[in-house]
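Report on one structure; see the data block that follows.
Number of protein chains: 2
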Amino acid sequence: MENIHLAIVEDDPVIRESLETYLGAHPALQFSIVAGSVEDFLEKAEKPARVPKIDVMLLDIGLPGMSGIEGIRHIRQKFPETDIVMLTTFEEEDKIFKSLCSGACSYISKRTPLSTIQEAIFTIHRGGSFMSPSIARKVVQHFMPKARKEEDILSPRQQQIVEALVDGLSYKLIADKLSISIDTVRDHIKRIYKLLEVNSKAEVIRKALDGDIY
Amino acid sequence: MENIHLAIVEDDPVIRESLETYLGAHPALQFSIVAGSVEDFLEKAEKPARVPKIDVMLLDIGLPGMSGIEGIRHIRQKFPETDIVMLTTFEEEDKIFKSLCSGACSYISKRTPLSTIQEAIFTIHRGGSFMSPSIARKVVQHFMPKARKEEDILSPRQQQIVEALVDGLSYKLIADKLSISIDTVRDHIKRIYKLLEVNSKAEVIRKALDGDIY
DNA sequence: GGGTAATCCACATGATGATGTGGTTCAAGG
DNA sequence: CCTTGAACCACATCATCATGTGGATTACCC
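Residue numbers (this note's numbering), protein chains in the order written: chain P, 31 to 244; chain C, 31 to 244.
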């Protein structure tokens with residue numbers, strides 16, 4: 031099995047060195063770059079004649095200068111093949127999602143034992159993803175049925191109309207599609223607006239796409 | 031530590047019984063209901079005078095009768111407190127997401143060792159979530175920056191306009207917000223339509239909310 | 001220095017959307 | 001039996017949107 035090339039970006043020297051020592055001790059793991067900030071990392075990545083190979087990267091969020099989340103974009107630009115693992119003390123939802131949306135592939139709590147982090151690196155390099163359980167829970171909750179404020183307040187017919195609106199159809203096309211008069215379409219939409227407390231197509235589409243309707 | 035009450039819905043008797051035997055052997059785990067289909071499960075859940083307690087439920091997808099995914103809704107209606115774990119051979123993306131959207135909290139491959147499944151149950155009962163690594167990867171990829179078809183094709187100003195459209199603002203309000211003439215707003219939007227190859231506000235909002243723009 | 005692109009603005013026209021009023025039919029429930 | 005609500009349709013009016021044509025300024029690149 032080939033070596034896995036790692037990078038760490040972490041400002042706390044204690045954590046950084048303990049990771050470096052523990053993970054570096056494994057024969058299949060080796061460090062390409064160890065940095066204290068994203069800026070530092072990018073600079074070190076420029077230095078060598080040829081760009082170093084990095085398979086998996088451990089990235090802190092709370093960094094001096096550019097935050098880890100901002101850093102993800104820059105790093106992915108230069109290292110599109112690298113799997114980025116956020117390693118952080120915070121489990122705030124918005125940080126988790128911002129990280130994932132920016133392109134991180136895993137999100138691990140710093141409280142996680144080193145041995146588990148090591149396992150995670152192998153898992154990730156195999157094409158998987160490792161999430162701390164509490165973080166995974168937050169992620170799956172994002173898919174879950176929402177609070178259902180509007181649930182069942184729209185009749186089946188009204189839901190069809192909303193679907194059509196979301197598909198970008200005009201009143202005329204909706205009328206054709208559902209084989210009803212355009213005035214009836216207007217009528218439905220009037221009622222939908224009242225029910226959803228909106229007053230434009232745009233807002234309906236937004237609500238629908240945000241999952242605020244069903 | 032209190033006992034964890036389990037349920038299994040799985041049509042394959044071999045798998046069902048091996049789970050029952052292995053997991054049931056643990057002193058902290060006990061089975062409330064074991065069923066071969068969702069229908070079977072719901073019937074058994076009705077029988078006793080008082081509704082049985084179920085903390086964690088293992089649910090197969092490929093079931094006779096109602097599929098596991100359909101079943102999630104019915105089960106959550108009756109057992110809103112139960113954490114539902116999909117346990118399945120399939121790792122198809124749409125099934126994963128349909129399950130999560132219906133309210134499953136974890137998704138585990140049947141190839142996973144029994145000991146890991148057992149650990150997962152404890153993790154889940156603690157309020158976490160367990161995903162097989164390959165499945166977790168598919169989940170996080172859903173958050174990742176998309177194929178970037180439209181990336182960078184919109185100028186910063188155009189992106190501001192799109193944002194405003196998504197917020198449901200009219201041309202007039204956008205003009206006020208950006209302190210420009212309404213005709214200029216029209217002008218921007220004309221160009222945006224050409225770039226995105228659409229011809230209505232609705233489609234722009236859809237694209238933006240689907241992440242097809244940035 | 002001419003080409004290109006982004007931003008800005010104006011005028012005009014037809015299509016679409018938002019909203020109100022008024023009416024019919026049918027099915028479900030008190 | 002009568003009310004209520006969903007779904008259906010029509011007419012009317014004003015606002016907003018979609019689209020075209022034409023022009024100005026700035027800035028950057030070859």
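From the three backbone atoms N, C-alpha and C, an ideal C-beta is built for every residue, glycine too.
Computed from a predicted model, the values in this text were never measured in an experiment.
Once DSSP output is grouped into helix, strand and coil, what is the label at C/Ala-238?
As a working mapping, residue 238 of chain C is identified with position 208 in the second sequence. Reduced to three states, the DSSP call for C/Ala-238 is helix.
P/His-155 (DSSP reduced to helix, strand or coil):
Taking the first residue of the first sequence as 1, we reach residue 155 of chain P at position 125. Looking at P/His-155 - three-state DSSP - the assignment turns out to be helix.
Between C/Gln-171, C/Gly-133 and C/Glu-121, which lies nearest to C/Ile-99 when the distance is taken from Cα to Cα?
Mapped onto the second sequence, residue 99 of chain C falls at position 69. Residue nearest to C/Ile-99 within the set C/Gln-171, C/Gly-133 and C/Glu-121 is C/Gly-133 (criterion: CA-CA distance).
For the beta strand (DSSP E) that P/Leu-88 lies in, which residues bound it at each end?
Taking the first residue of the first sequence as 1, we reach residue 88 of chain P at position 58. Per DSSP, P/Leu-88 belongs to the beta strand (DSSP E) from 86-89.
Taking the CB atoms as reference points, tell me whether C/Phe-61 and C/Val-39 lie closer together than 8 Å.
Here residue 61 of chain C is taken as the residue at index 31 of the second sequence, counted from 1. Here residue 39 of chain C is taken as the residue at index 9 of the second sequence, counted from 1. Using a Cβ distance threshold of 8 Å, C/Phe-61 and C/Val-39 do not count as a contacting pair.
On the DSSP bridge assignment, give the partners of C/His-35 in chain order.
Counting from one through the second sequence, the residue named residue 35 of chain C turns up at place 5. DSSP output for C/His-35 lists C/Gln-60 as bridge partner(s).
For C/Arg-46, which option in C/Glu-149, C/Leu-225, C/Ile-222 and C/Leu-117 has the closest C-alpha, if you only look at C-alpha atoms?
By one-based count along the second sequence, residue 46 of chain C stands at place 16. Nearest C-alpha to C/Arg-46 among C/Glu-149, C/Leu-225, C/Ile-222 and C/Leu-117: C/Leu-117.
Neighbourhood of C/Asp-41 by C-beta, 7 Å cutoff - its chain only, sequence neighbours within 5 removed
Walking along the second sequence from the start, residue 41 of chain C turns up at place 11. Closer than 7 Å at the Cβ level, and outside the excluded window around C/Asp-41, lie Gly-66, Ser-67, Asp-90, Leu-93 and Pro-94.
Any chain P beta carbon closer than 8 Å to C/Thr-142:
In the second sequence, residue 142 of chain C corresponds to position 112, counting from 1. Not one chain P Cβ lies under 8 Å of C/Thr-142.
Is there a C-beta anywhere in chain P that falls below 8 Å from the one on C/Arg-187?
As a first step, residue 187 of chain C must be located in the second sequence, where it is residue number 157. No, its Cβ sits nowhere closer than 8 Å to a Cβ of chain P.
Touching or not, the region 153-163 of chain P and the region 163-173 of chain C, by the rule of three or more beta carbon pairs under 8 Å?
Segments in contact, yes.
Quick check: what's the CA-CA separation for C/Ser-139 versus C/His-155?
Taking the first residue of the second sequence as 1, we reach residue 139 of chain C at position 109. Taking the first residue of the second sequence as 1, we reach residue 155 of chain C at position 125. If I take the Cα positions, the gap works out to 18 Å.
Run down chain P in chain order and give the residues with a C-beta less than 9 Å from the C-beta of C/Lys-224.
One-based indexing of the second sequence puts residue 224 of chain C at position 194. Per Cβ cutoff of 9 Å: no residues; C/Lys-224 is ~16 Å from chain P at best.
Rank P/Gln-171, P/Ala-205, P/Ser-136 and P/Gln-107 by C-alpha distance to the C-alpha of C/Phe-28 and give the top, closest one.
Summary: the structure shown does not reach residue 28 of chain C, with chain C confined to residues 31 through 244, and so no result is reported for it.
For C/Ala-75, which residues of its own chain have a beta-carbon under 7 Å away from its beta-carbon, when the five flanking residues on both sides are left out?
Along the second sequence, one-based indexing puts residue 75 of chain C at 45. Same-chain partners within the cutoff: Ile-63, Val-81, Pro-82 and Lys-108.
DSSP-derived helix/strand/coil call for P/Glu-47:
Position 17 of the first sequence, counting from 1, holds the residue named residue 47 of chain P. Assignment of P/Glu-47 by DSSP, reduced to helix, strand and coil, places it in the helix class.
Are the C-beta of P/Pro-163 and some C-beta of chain C separated by less than 8 Å?
In the first sequence, residue 163 of chain P corresponds to position 133, counting from 1. Yes, P/Pro-163 lies at the interface with chain C (some Cβ there is under 8 Å from its Cβ).
Answer yes or no: does any C-beta atom of chain P fall closer than 8 Å to that of C/Phe-160?
Working through the second sequence from its first residue, we reach residue 160 of chain C at position 130. Chain P places a beta carbon closer than 8 Å to that of C/Phe-160, counting this residue as a contact.
Classification of P/Lys-202 by the beta-carbon crowding that lies within 10 angstroms, buried from 16 upward:
As a working note, residue 202 of chain P is residue 172 in the first sequence. Note on P/Lys-202: under 16 other CB atoms within 10 angstroms of its CB, so exposed under the neighbour-count rule.
When DSSP builds the beta bridges, which residues end up paired with P/Ala-194?
The residue given as residue 194 of chain P occupies position 164 in the first sequence. Partner(s): none; P/Ala-194 has no beta bridge.
Under the rule that 16 or more other beta-carbon atoms within 10 Å means buried, what is P/Lys-237, buried or exposed?
Here residue 237 of chain P is taken as the residue at index 207 of the first sequence, counted from 1. It is buried - the Cβ of P/Lys-237 has at least 16 other Cβ atoms within 10 Å.
Pull up the distance between the alpha-carbon of C/Ser-185 and that of C/Asp-85, whole angstroms please.
As a working note, residue 185 of chain C is residue 155 in the second sequence. As a working note, residue 85 of chain C is residue 55 in the second sequence. Roughly 51 Å separates the two Cα atoms.
Compare the beta carbon distance of P/Ile-235 and P/His-218 with 8 Å and say whether it is the shorter of the two.
Start at 1 with the first residue of the first sequence, and residue 235 of chain P comes out as number 205. Start at 1 with the first residue of the first sequence, and residue 218 of chain P comes out as number 188. When the beta-carbon positions are compared, P/Ile-235 and P/His-218 stay at least 8 Å from each other.
Output needed for P/Arg-178: all residues of its chain with C-beta closer than 6 Å, excluding positions within five of it in sequence on either side, in chain order.
To locate residue 178 of chain P, count along the first sequence from 1; it is residue 148. For P/Arg-178, the pLDDT reaches just 49, beneath the cut-off of 50, and the residue's location in the model is therefore unreliable, leaving the point undetermined.
How about P/Ile-102 and P/Ser-136: are their beta carbons less than 8 Å apart?
Residue mapping note: residue 102 of chain P aligns to position 72 of the first sequence, counting from 1. Residue mapping note: residue 136 of chain P aligns to position 106 of the first sequence, counting from 1. A distance of 8 Å or more separates the beta carbons of P/Ile-102 and P/Ser-136.
Looking at chain C, is there any beta carbon in it that lies within less than 8 Å of the beta carbon of P/Ala-37?
Within the first sequence, the letter at position 7 stands for residue 37 of chain P. When Cβ-Cβ separations below 8 Å define contact, P/Ala-37 makes no contact with chain C.
Is there a Cβ from chain C that is less than 8 Å from the Cβ of P/Lys-231?
To locate residue 231 of chain P, count along the first sequence from 1; it is residue 201. It does; some Cβ of chain C falls within 8 Å.
Tell me whether C/Ile-222 is buried or exposed, calling it buried when 16 or more other Cβ atoms sit within 10 Å of its Cβ.
Residue mapping note: residue 222 of chain C aligns to position 192 of the second sequence, counting from 1. By the neighbour-count rule (16 or more Cβ atoms within 10 Å), C/Ile-222 is buried.
Could you please give me the residues that DSSP links to C/Val-115 through a beta bridge?
As a position in the second sequence, residue 115 of chain C is number 85, starting the count at 1. Looking at the DSSP output, C/Val-115 bridges to C/Leu-88 and C/Ser-136.
Just confirm the distance between the C-beta atoms of P/Met-96 and P/Ala-37, as a whole number of angstroms; I'd bet it's less than 8 Å.
Walking along the first sequence from the start, residue 96 of chain P turns up at place 66. Walking along the first sequence from the start, residue 37 of chain P turns up at place 7. About 15 Å; that fails the 8 Å criterion.
For C/Arg-106, I'd like the list of residues in its chain whose CB is within less than 6 Å of its CB, leaving aside the five on either flank, ordered along the chain.
Residue 106 of chain C sits at position 76 when you count from the first residue of the second sequence. Cβ within range, chain order: Gly-133.
Where C/Glu-32 and P/Glu-233 are concerned, what is the direct C-alpha to C-alpha distance, given to the nearest angstrom?
Stepping through the second sequence from its first residue, residue 32 of chain C is reached at position 2. Stepping through the first sequence from its first residue, residue 233 of chain P is reached at position 203. Here the alpha carbons of P/Glu-233 and C/Glu-32 stand approximately 48 Å from one another.
Contacts of P/Val-115 in chain C (Cβ-Cβ under 8 Å):
Reading the first sequence from its first residue, position 85 is the one you call residue 115 of chain P. Within chain C, no residue comes near P/Val-115; the closest Cβ sits about 11 Å away, beyond 8 Å.
In the DSSP assignment, the alpha helix (DSSP H) including C/His-104 goes from what residue to what residue?
Stepping through the second sequence from its first residue, residue 104 of chain C is reached at position 74. Segment 98-108, the alpha helix (DSSP H) holding C/His-104.
Out of curiosity, what's the CA-to-CA distance linking P/Phe-173 and P/Asp-206?
Stepping through the first sequence from its first residue, residue 173 of chain P is reached at position 143. Stepping through the first sequence from its first residue, residue 206 of chain P is reached at position 176. In a straight line, the C-alpha of P/Phe-173 is about 34 Å away from that of P/Asp-206.
Would P/Leu-184 pass as an interface residue toward chain C - the criterion being a Cβ-Cβ separation below 8 Å?
Here residue 184 of chain P refers to the residue found at position 154 when the first sequence is read from its first residue. Proximity of P/Leu-184 to chain C, defined by a Cβ-Cβ separation below 8 Å, is not satisfied.
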